[in-house]
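These notes concern the structure reproduced below.
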Amino acid sequence: EIGNATEGQEITIEYCTKSSKELKEMKDIDLSKIKALPFQAQIKYVTLDGMRCVRLITKQQEVTFDKEEAKKEVDYKVISVNAIQKTAQLAKKGNYRQAQANAHHWGRMMKEAPVYNEYMANAAPLYEAVQEQQWDEFSEDQLAKGGAQKQSAKTRKKKLNDRIVSTSHQAEKISYSKMRKK
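The sequence shown: position 159 = 173 (the numbering used here), numbered continuously.
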């Protein structure tokens with residue numbers, strides 16, 4: 015569920031293939047013969063007059079096993095937007111460690127990317143808000159119980175401070191065209 019989609023809104027998705035080991039174990043697939051992978055997006059929406067519609071977009075994406083060749087084709091700004099949006103979603107759900115790990119992982123991946131500074135300028139406020147939220151909860155637990163208690167993500171979600179709510183909301187709405195420059 016996305017809600018209302020506007021012209022400036024961007025939604026990204028992630029996908030992954032099975033591991034090389036899993037693919038090699040599959041008897042009906044010869045990795046050396048794979049030249050392209052099929053992708054299909056199904057977009058279901060309701061028009062302003064209430065009509066329910068489905069749009070299908072299908073594409074064959076050529077594959078490469080050459081990492082340097084693949085890097086030439088990467089749109090790092092799209093990956094940055096996805097990484098920031100995913101981090102924000104994790105933070106809003108109270109999954110702070112996963113949010114920080116996601117931000118840190120993509121920060122390392124972006125290190126050599128041409129948009130590294132833009133990524134950091136947009137990801138850093140969210141990362142800091144997550145750290146502040148964790149510290150607030152840790153301090154609250156220390157005072158209330160004499161020691162830190164592990165809380166579920168559901169419990170943490172109910173205690174989000176204003177900074178994490180506003181920062182993660184802004185990060186979820188980030189788009190390719192609205193990435194801040196550093």
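Ideal Cβ placement from N, Cα and C applies to all residues, glycine included.
Supposed close pair residue i, residue j - CB separation, criterion 8 Å
i, j, result
"Y110", "Q148", "5 Å"
"Q103", "E186", "6 Å"
Contacts around residue i, its chain only, beta-carbon distance under 8 Å, and the 5 residues preceding and following it disregarded
i, result
"K91", "V129, E132, Y190 and M193"
"V95", "E24, T26, I188, S189, Y190 and M193"
"L51", "T31, Q74, Q75 and V77"
Cβ shell of residue i (< 6 Å), same chain only, five flanking positions each side left out
i, result
"R66", "V60"
"V144", "A105, Y110, A113 and Q114"
"V100", "The sequence as given places Lys at residue 100; Val does not occur at that position. Within the same chain, K100 has close Cβ partners N116."
For residue j and residue i, the rounded distance between their alpha carbons
i, j, result
"L70", "F53", "10 Å"
"T181", "H119", "19 Å"
"D44", "Y141", "42 Å"
"K197", "T72", "Lying before the first or after the last residue shown, residue 197 is absent from the chain, which here runs from 15 to 196."
"N136", "A84", "25 Å"
"E39", "K49", "19 Å"
"Q184", "K47", "44 Å"
Neighbourhood of residue i by C-beta distance below 7 Å, restricted to the same chain and skipping five residues each side
i, result
"A138", "none"
"E29", "Reading off the sequence shown, one finds Tyr at residue 29, where the question assumed Glu. Within the same chain, Y29 has no close Cβ partners at all."
3-residue-minimum beta strand (DSSP E) runs that sit fully inside the stretch 21-60, ordered along the chain: 50-60
Measuring CB atoms only, is the stretch 134-151 touching the stretch 111-118, in the sense that at least three cross pairs come out at less than 8 Å? yes
Suppose only complete runs of 3+ residues qualify. What are the beta strand (DSSP E) ranges in the stretch 55-143, listed by chain order? 66-76
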